[in-house]
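Protein chains: 2
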Amino acid sequence: MEYQELNLPSRTIMTPGPVEADPRVLRALSTPIIGQFDPQFLNLMDETSDLLRYVFQTSNHRAFPVDGTSRSGLEAVLTSIIEPGDKVLVPVFGRFGYLLTEMVDRAGGQTHMMEAEWGQVYDPQDVIAEIKKINPKVVAVVHGETSTGRMQPLEEIGAFCRENDILFVVDAVATLAGVEFNTDEWNVDAVITGTQKCLAVPTGMAPLTYNDRIEEILLARKKIERGLSYDAVNDKKIQSNYFDLSQIQDYWSPDRLNHHTESTTMLYALREGLRVIKEEGIKSRIDRHTKHGKALSLGLKAMGVELFGEEENKLPVVTIVKVPEGISEQAVRQTMLNQFGIEIAGAFGPLKGKVWRIGSMGYSSRKNNILRVLSALESTLTYFGAKVNKGDAVQATLEYYAEADNPVIYKV
Amino acid sequence: MEYQELNLPSRTIMTPGPVEADPRVLRALSTPIIGQFDPQFLNLMDETSDLLRYVFQTSNHRAFPVDGTSRSGLEAVLTSIIEPGDKVLVPVFGRFGYLLTEMVDRAGGQTHMMEAEWGQVYDPQDVIAEIKKINPKVVAVVHGETSTGRMQPLEEIGAFCRENDILFVVDAVATLAGVEFNTDEWNVDAVITGTQKCLAVPTGMAPLTYNDRIEEILLARKKIERGLSYDAVNDKKIQSNYFDLSQIQDYWSPDRLNHHTESTTMLYALREGLRVIKEEGIKSRIDRHTKHGKALSLGLKAMGVELFGEEENKLPVVTIVKVPEGISEQAVRQTMLNQFGIEIAGAFGPLKGKVWRIGSMGYSSRKNNILRVLSALESTLTYFGAKVNKGDAVQATLEYYAEADNPVIYKV
Numbered sequence: 000m001e002y003q004e005l006n007l008p009s010r011t012i013m014t015p016g017p018v019e020a021d022p023r024v025l026r027a028l029s030t031p032i033i034g035q036f037d038p039q040f041l042n043l044m045d046e047t048s049d050l051l052r053y054v055f056q057t058s059n060h061r062a063f064p065v066d067g068t069s070r071s072g073l074e075a076v077l078t079s080i081i082e083p084g085d086k087v088l089v090p091v092f093g094r095f096g097y098l099l100t101e102m103v104d105r106a107g108g109q110t111h112m113m114e115a116e117w118g119q120v121y122d123p124q125d126v127i128a129e130i131k132k133i134n135p136k137v138v139a140v141v142h143g144e145t146s147t148g149r150m151q152p153l154e155e156i157g158a159f160c161r162e163n164d165i166l167f168v169v170d171a172v173a174t175l176a177g178v179e180f181n182t183d184e185w186n187v188d189a190v191i192t193g194t195q196k197c198l199a200v201p202t203g204m205a206p207l208t209y210n211d212r213i214e215e216i217l218l219a220r221k222k223i224e225r226g227l228s229y230d231a232v233n234d235k236k237i238q239s240n241y242f243d244l245s246q247i248q249d250y251w252s253p254d255r256l257n258h259h260t261e262s263t264t265m266l267y268a269l270r271e272g273l274r275v276i277k278e279e280g281i282k283s284r285i286d287r288h289t290k291h292g293k294a295l296s297l298g299l300k301a302m303g304v305e306l307f308g309e310e311e312n313k314l315p316v317v318t319i320v321k322v323p324e325g326i327s328e329q330a331v332r333q334t335m336l337n338q339f340g341i342e343i344a345g346a347f348g349p350l351k352g353k354v355w356r357i358g359s360m361g362y363s364s365r366k367n368n369i370l371r372v373l374s375a376l377e378s379t380l381t382y383f384g385a386k387v388n389k390g391d392a393v394q395a396t397l398e399y400y401a402e403a404d405n406p407v408i409y410k411v
Numbered sequence: 000m001e002y003q004e005l006n007l008p009s010r011t012i013m014t015p016g017p018v019e020a021d022p023r024v025l026r027a028l029s030t031p032i033i034g035q036f037d038p039q040f041l042n043l044m045d046e047t048s049d050l051l052r053y054v055f056q057t058s059n060h061r062a063f064p065v066d067g068t069s070r071s072g073l074e075a076v077l078t079s080i081i082e083p084g085d086k087v088l089v090p091v092f093g094r095f096g097y098l099l100t101e102m103v104d105r106a107g108g109q110t111h112m113m114e115a116e117w118g119q120v121y122d123p124q125d126v127i128a129e130i131k132k133i134n135p136k137v138v139a140v141v142h143g144e145t146s147t148g149r150m151q152p153l154e155e156i157g158a159f160c161r162e163n164d165i166l167f168v169v170d171a172v173a174t175l176a177g178v179e180f181n182t183d184e185w186n187v188d189a190v191i192t193g194t195q196k197c198l199a200v201p202t203g204m205a206p207l208t209y210n211d212r213i214e215e216i217l218l219a220r221k222k223i224e225r226g227l228s229y230d231a232v233n234d235k236k237i238q239s240n241y242f243d244l245s246q247i248q249d250y251w252s253p254d255r256l257n258h259h260t261e262s263t264t265m266l267y268a269l270r271e272g273l274r275v276i277k278e279e280g281i282k283s284r285i286d287r288h289t290k291h292g293k294a295l296s297l298g299l300k301a302m303g304v305e306l307f308g309e310e311e312n313k314l315p316v317v318t319i320v321k322v323p324e325g326i327s328e329q330a331v332r333q334t335m336l337n338q339f340g341i342e343i344a345g346a347f348g349p350l351k352g353k354v355w356r357i358g359s360m361g362y363s364s365r366k367n368n369i370l371r372v373l374s375a376l377e378s379t380l381t382y383f384g385a386k387v388n389k390g391d392a393v394q395a396t397l398e399y400y401a402e403a404d405n406p407v408i409y410k411v
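Heads up: the sequence lines are chains U and V, in that order.
The first sequence runs contiguously to residue 411 in numbering that gives the first Met the number 0.
The second sequence runs contiguously to residue 411 in numbering that gives the first Met the number 0.
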């Protein structure tokens, strides 16, 4: 077998992640390696923490990535704070809520699960009522469910948890830097994200932040590993070494505890991605995501296809389209990829085969991508014999952009 | 605070990792993202598994990376196979042996630790005697200890374990692709490596391989996560979701179980690094590492500094130099970095402050790097007032290279 030079096709990626990386991030990736304790690298680590604080909208002391994909960050937080028997309430409204329950279980926690029909979110008061009933140590919830395209309002839940000394942990993998997320203002104690969605960085790191309430637990469970300390003992020690935040935070502090070897290249990429966000401005970036999400929904409606779920709690960066009667979900997706070079996603669980999930995240959240995906979807549906309003999607979207980009001129 | 363009100094990295990445690998890193289930990406995954089998010298069905730094792979294997109370024998001879005991403990295993003085390795018969006494389920050992520059002979231990149906797990983070390692021939059941050493790829992935004896345990513990399966139950389930090899192997098989989102960019890099190894040839690559390791030792001896540890079980890719009397370990290291742009490493535990650790791994294992580090170390030692044989190191090394590169002409 011959292994060829890396010759990959150019793709327009309109899935809920991984999405296209910002070209500046791609360039940063090829920067030569420097050592993990090189003063220049330590400086990059500090800058990355600062930039993360900005993107998370927090003044937390702790803000750093775990070296792994998004779920590594979720597991790091949950495993580090959950001790055997701890009660954790998880209001589930899609696949990734179930993933949280899975992690709680494996960490030895006692999961109390609420289950909503796919496509629904919770009235915060219903979650608060359940919290009162259960009195959990932790409430863990997904902010944006890419599996259903829905977003859970967090503010009221956060305020109630803080008042009642319950920890509030949020999975913001799909939302951070694409949708408003105010860690401190919303009383979120720990929040985790991924790099491959609205951050426009390749997959492979899980940035997170947490406050002193979380850190207190970490310090009580801290045990420096053997090889660095020989007499450390702690019966409450965290069940993972790799995900032991009590050690990782020392690696990310002036202590520079030699835990793992930070992923040099991915840190270059993350820092550059965050720098792009800082330059764009977090508010402008969220506005951009909102605009292109709206354009996509509007275009799809003009095309005459049906969107899944109610408008009210729609996740702005994921739009879910029902597969028209008699059309093959998979054939459409494959045709879009093979003929147009455009990737959209299928679905999980009860929605599998019934919908397409279209993302508009990070660098992929831009005008030409929205117009391309609408145009290609219309042509593909027509090709397979679905009835659509030919040409309307792109025209409606162009008009929307004309107004959104320059409202004054348009109105004259 | 202003966050500048990434402006990093050019470094010559002669530590035991992370080392310089191959320039071809750096270029591959900036390749644009394609989706994780794009057929072209799945093809890259399959090719990567094939190439890993070649580098691991195995016909194992399972060979793939875990998305995390080296220790993520170690934890994935140990957590996936160790159930509470399982007896695990760990013959420790440096920091990373202790790390294995740490991971066994956190996975709920019962660690039986052998401890050797730093600088020593074990007579395989002593390990075998201990195995007979303990009768463990698993023997876990480090192949090359970067903390002491020593390498443990594995063959006899492997043969004994196989005969007695004991699992043999090896940490080959420091050795794979730089030192001979024959997974199948040596009866190693699971072996884990890292990307940032002899593979010449940046940090961030932990390639591993294991055989059917390991897989049998994984299948008995398998539990597909909630969100993908709703009725799966297994009392013996693995305590981590992220490190659950029973699920990860399904992601890396035609099942394509949607576990995590593979780190696109790091996979490009790993595949390119492995392709470079395939082209160089694993034997030639090992010969190259042997040659430059010898050159470094020979040069250092000619300089008149003392090497740490006995020659016999020296790890060819890490050379440990004793700090001469009255010289500051740290000042020398900092001067080499700040004035010459060359990084060498300090040490851990009982060796801290007493030695320097010089690596010759991966792309850093080449003639100009060896000559540069010798020259800079000599100048720096001289600068701080140490007595060295001025000029001898480089001359002796140049002569060695002349002979090693072209033995016939040299001898005429």
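Note that CB positions come from ideal geometry on N, CA and C, so glycine has one too.
Values in this document were obtained by computation on a predicted structure and should not be read as measured data.
With a threshold of 8 Å between beta carbons, U/M265 makes contact with chain V. By the neighbour-count definition (other C-beta atoms within 10 Å, threshold 16), U/R255 is an exposed residue.
When Cβ pairs closer than 8 Å are counted between the two stretches, the stretch 249-265 of chain U is seen not to touch the stretch 329-344 of chain U, the count staying below three.
Per DSSP, the unbroken alpha helix (DSSP H) holding V/P22 starts and ends at 22-28.
Put simply, the CB of U/S48 is far from chain V, with every gap to its CB atoms at 8 Å or more.
CA-CA distance, V/G340 to V/I357, rounds to 14 Å.
Annotation: U/E184 is outside any beta strand (DSSP E) and is labelled neither H nor E by DSSP.
At a Cβ-Cβ threshold of 8 Å, U/L273 and U/A392 do not count as neighbours. Under a criterion of Cβ atoms nearer than 7 Å, the residues of chain V adjacent to U/K277 are, in order, Y2.
DSSP places U/Q39 within a helical segment (H, G or I) once states are collapsed to three. For V/Y250, the three-state secondary structure derived from DSSP is helix. Against V/S359, chain U offers no close residue; the least beta-carbon distance is about 15 Å (beta-carbon pairs closer than 8 Å).
Between U/I213 and U/D188, the gap from beta carbon to beta carbon is short of 8 Å.
The three-state secondary structure of V/G358, taken from DSSP, is strand.
U/L50 is the residue among U/G16, U/A75, U/L50 whose C-alpha sits nearest the C-alpha of U/G280. V/G118 is not a Cβ neighbour of V/K313, given a cutoff of 8 Å. A straight line joining the alpha-carbon of V/V317 with that of V/M102 spans about 25 Å.
Within chain U, the C-beta atoms nearer than 7 Å to that of V/R274 come from Y2, in chain order.
Residue state for U/K389 is assigned as coil, using DSSP reduced to three classes. Taking C-beta separations shorter than 6 Å and ignoring five residues to either side along the sequence, the partners of U/G143 in its chain run M150, A173, T174, L314, following chain order. Per DSSP, the unbroken alpha helix (DSSP H) holding V/H288 starts and ends at 281-302.
When C-beta distances to chain V are compared with 8 Å, every residue of the stretch 117-129 of chain U stays at or above that value. Contact between the stretch 95-112 of chain U and the stretch 220-232 of chain V is present, with at least three C-beta pairs closer than 8 Å. Interface annotation, V/H259: in contact with chain U, CB-CB separation under 8 Å. In the DSSP assignment, the residues bridged to U/A139 are U/V168.
U/T110 is bridged by DSSP to U/V87. Cβ contact annotation for U/T289 (same chain, cutoff 6 Å, sequence separation greater than five): P315, in chain order. Inter-residue distance for U/V18 and V/I32 is about 7 Å (C-alpha atoms, whole angstroms). Using a Cβ distance threshold of 8 Å, U/V354 and U/A268 do not count as a contacting pair. Using a CB distance cut-off of 8 Å, U/A27 counts as an interface residue toward chain V.
With 16 or more other Cβ atoms from the protein chains shown falling within 10 Å of its own Cβ, V/L266 counts as buried.
Rounded to the nearest whole angstrom, the C-alpha separation of U/L370 and U/I343 is 14 Å. For U/A375, the enclosing alpha helix (DSSP H) stretches over residues 366-382. In the DSSP assignment, V/D66 falls within the beta strand (DSSP E) that extends over 61-66. Ranked by Cα distance from V/G16, the options U/M302, U/G34, U/E114, U/S364 are led by U/G34. U/S228 and V/Y399 have their alpha carbons spaced roughly 41 Å apart.
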